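In terms of the working numbering, the sequence shown opens at residue 1189 and continues consecutively.
Below is one structure; the comments refer to it alone.
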Amino acid sequence: MFFFEITRKLPRDEKFIITEDIRRVAISITANIAEGYGQFHFQENIQYCRQSRGSLYELWDHLISCLHFNYITEEEYNKGVKLIENALKVVNGYINFLNKQKAKTIND
1189 MFFFEITRKL PRDEKFIITE DIRRVAISIT ANIAEGYGQF HFQENIQYCR QSRGSLYELW
1249 DHLISCLHFN YITEEEYNKG VKLIENALKV VNGYINFLNK QKAKTIND
């Protein structure tokens, strides 16, 4: 996974700060989607997806910090941003789908 590879490059003194946070956030993105799916209620599923979306923005912020402190190259930053932007499109699309399904269920 790209973001775990990035954390291997970070300085040792960041191990318990940004390194662990990047790893935690990266894992939580898909974990929240899975947990939301397991709720079997549209609104709860949507809420977990929103948490995933928030985690994606948090990850983006960590990339900005890593670039600012020269822990990563601009090329690595751009690759990470592209991955995050693509994931945001997927999560937002899934949220839209769930909202439509929820409305359809209410109207039926």
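Heads up, the beta-carbon is just placed ideally off N, CA and C, and yes, glycines get one too.
Everything numeric in this text was worked out from a predicted model, so none of it was measured.
Just tell me which of the options has its CA closest to the CA of residue i.
i	options	result
F1191	D1201, T1293, E1208	E1208
A1166	I1210, S1240, R1211, N1295	Past the boundaries of the shown model lies residue 1166; the chain is included only from 1189 to 1296, so the question cannot be answered.
E1193	T1261, K1290, Q1227	T1261
K1267	D1201, V1213, L1251, G1226	L1251
V1213	G1224, W1248, N1274, K1203	W1248
I1210	E1264, T1293, G1281, C1254	C1254
Report all residues from its chain with a CB closer than 6 Å to the CB of residue i; omit the five preceding and five following residues, and keep chain order.
i	result
Q1286	The sequence as given places Leu at residue 1286; Gln does not occur at that position. Result list for L1286: F1230, N1233, I1234, in chain order.
Y1259	L1198
Which residues in the same chain have their Cβ closer than 8 Å to the Cβ of residue i, if we skip the five residues on either side of it in sequence?
i	result
R1238	I1283
Count Cβ pairs between the segment 1237-1250 and the segment 1214-1222 that sit closer than 8 Å; are there 3 or more?
yes
Minimum length 4: unbroken alpha helix (DSSP H) runs contained in the segment 1197-1262:
1208-1225, 1230-1256
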